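Chemist: Sharing a structure here in structure tokens format.
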Amino acid sequence: MPSPRLSPKFARMFALQMVATVVVLVAVLLFVVWNTRPNHPLATTGGIDPTNTTITWIAFTGILFALAMIHVIFARQLFSEARGTRRGIASW
């Protein structure tokens, strides 16, 4: 049974927005990786070396992966809400 507060059309639209957000997060990660790759000489890159690059990549990957997983979980819940099935959400 669908939610009385959220129509299937809006649930599907919100779920697609969540999926689009994941695509944007991947684009942000690729942008960070592209702009922080180590180049030589160091004077042209602002002094970033391979160690700082690795730390930056690990930090951004961890944060963006966590945000992406949250959006995927919410998108799955909204897609199932649009189909009219429940995914164990008892508070609604």
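One gets this note's numbering by counting positions in the sequence shown from 1 and adding 1182 to each.
Glycine residues also receive a C-beta, built at the ideal position from the N, C-alpha and C atoms.
From a predicted model like this one, the values you see are computed outputs, not experimental measurements.
How should residue 1213 be labelled, buried or exposed, when 16 other C-beta atoms within 10 angstroms of its C-beta is the threshold for buried?
Modeler: In the sequence shown, counting from the first residue as 1, residue 1213 sits at position 31. Counting Cβ neighbours within 10 Å, residue 1213 comes out exposed, since fewer than 16 surround it.
Chemist: Can you tell me whether residue 1261 is buried or exposed, with buried defined as 16 or more other CB within 10 angstroms of its CB?
Modeler: One-based indexing of the sequence shown puts residue 1261 at position 79. Label assigned to residue 1261: buried.
Chemist: If distances are taken between C-alpha atoms only, which option among 1254, 1255 and 1217 comes closest to residue 1238?
Modeler: Position 56 of the sequence shown holds residue 1238. Distance from the Cα of residue 1238 is smallest, within the candidate group 1254, 1255 and 1217, for 1217.
Chemist: Which two residues bound the contiguous alpha helix (DSSP H) that contains residue 1189?
Modeler: Along the sequence shown, one-based indexing puts residue 1189 at 7. No alpha helix (DSSP H) contains residue 1189, which DSSP labels as neither H nor E.
Chemist: Tell me the rounded alpha-carbon separation between residue 1243 and residue 1252.
Modeler: For the purposes of this step, residue 1243 is taken as residue 61 along the sequence shown, with counting starting at 1. For the purposes of this step, residue 1252 is taken as residue 70 along the sequence shown, with counting starting at 1. Straight-line spacing of the CA atoms in residue 1243 and residue 1252 works out to 14 Å.
Chemist: Could you give the distance in angstroms between the alpha-carbon of residue 1199 and the alpha-carbon of residue 1256?
Modeler: What you label residue 1199 is simply residue 17 of the sequence shown in a count that begins at 1. What you label residue 1256 is simply residue 74 of the sequence shown in a count that begins at 1. Distance between the alpha carbons of residue 1199 and residue 1256 is about 10 Å.
Chemist: Just to confirm my understanding: we take residue 1196, look at its own chain, exclude 5 residues before and 5 after, and list those with CB closer than 6 Å. What are they?
Modeler: Taking the sequence shown and counting its residues from 1, one reaches residue 1196 at position 14. The residues are 1260.
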